[in-house]
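The next block holds one structure in the form of structure tokens; read it before the comments.
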Amino acid sequence: MQVCVYCASSAKIHQDYFNATDLLAKELVKNGFSVVFGGGSLGLMGQLADSVLEAGGNIKGIMPQFMNEVEWGHRGVSDFVYTQTMHERKAKFLEGTDALIALPGGTGTFEELFEAITLKKMGQFTKPIIILNTRNYYNSFIELMNQAVLEKFMAETHQALWTMVNEPTEVVPAILNTPLWEKGLSEAKV
Ligand code: AMP
0 MQVCVYCASS AKIHQDYFNA TDLLAKELVK NGFSVVFGGG SLGLMGQLAD SVLEAGGNIK
60 GIMPQFMNEV EWGHRGVSDF VYTQTMHERK AKFLEGTDAL IALPGGTGTF EELFEAITLK
120 KMGQFTKPII ILNTRNYYNS FIELMNQAVL EKFMAETHQA LWTMVNEPTE VVPAILNTPL
180 WEKGLSEAKV
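Numbers 0 to 189, taken from numbering that gives the first Met the number 0, label the letters of the sequence shown in order.
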């Protein structure tokens, strides 16, 4: 089983975020998941890689060549794929993954998460998308999505595109318990 984790590059964040990432990494390795991530050495990306490696797990970084040139890559990760563009990188994150996990992050994390949700809504991606709501970071995302449903920009059924959990220990059970989304488009889904 393989998971892709979207997460922050910022290192200036509360220690709780690092602790949750460390715990999640250990849970993933313990449950036999290999991990794909953005390849960065800083922030939650750095913590994720450090903790997966420390626990003896497998981790692969996918990074555009221009980031590699400025040495943003994590030095301890030996398995790296370099892409030409950010777009190509995002597509590769989805290849062969059994689930996506979004940890707290900034615009980079948000755009990765929103693209995955949109692809899933279109039936182009069917796997579980789990959002870890450490420190209630994603409460405003839920508010925004509720507003989108209220104003009928989205159907209520679309709120099943993702699963939100509060604790790192809930992520693996959420992956295992989330059914695959229907492939392709159907009238009922839009
Ligand atoms: P952000 O949430 O804005 O910190 O962006 C994190 C996401 O964007 C990661 O999942 C990466 O794919 C990408 N990203 C942004 N900054 C970096 C960086 N310094 N090194 C590697 N990837 C990055």
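Glycine included, every Cβ here is placed at the ideal spot set by N, Cα and C.
In terms of Cα proximity to E114, the closest of R134, F92, A48 and N135 is F92. Considering only A19, L47, G31 and F36, the residue with the shortest C-alpha distance to V164 is A19. Pairwise C-beta distances place the stretch 11–18 in contact with the stretch 129–140, as three or more of them are shorter than 8 Å. Look at F65: its beta carbon is at least 8 Å from all of the heavy atoms in the ligand AMP. The continuous alpha helix (DSSP H) containing L27 extends over residues Q14 to K29. Residue side-chain check: A7 places its Cβ nearer than 8 Å to a non-hydrogen atom of the ligand AMP. Shortest gap from the CB of F79 to any heavy atom of the ligand AMP: 8 Å or more.
Between I58 and I100, the beta carbon gap of about 13 Å keeps them out of contact (Cβ cut-off 8 Å).
Beta-bridge pairing by DSSP links A101 to Y5 and I130. For K59, the three-state secondary structure derived from DSSP is strand.
Pairing K89 with E111, the inter-Cα distance amounts to about 7 Å. Sixteen is the threshold: since fewer than 16 other Cβ atoms of the shown chains lie within 10 Å of the Cβ of V69, the residue is exposed. Between V28 and A54, the CB-CB gap stays under 9 Å. Between the alpha carbons of M62 and S33 lies a gap of roughly 17 Å.
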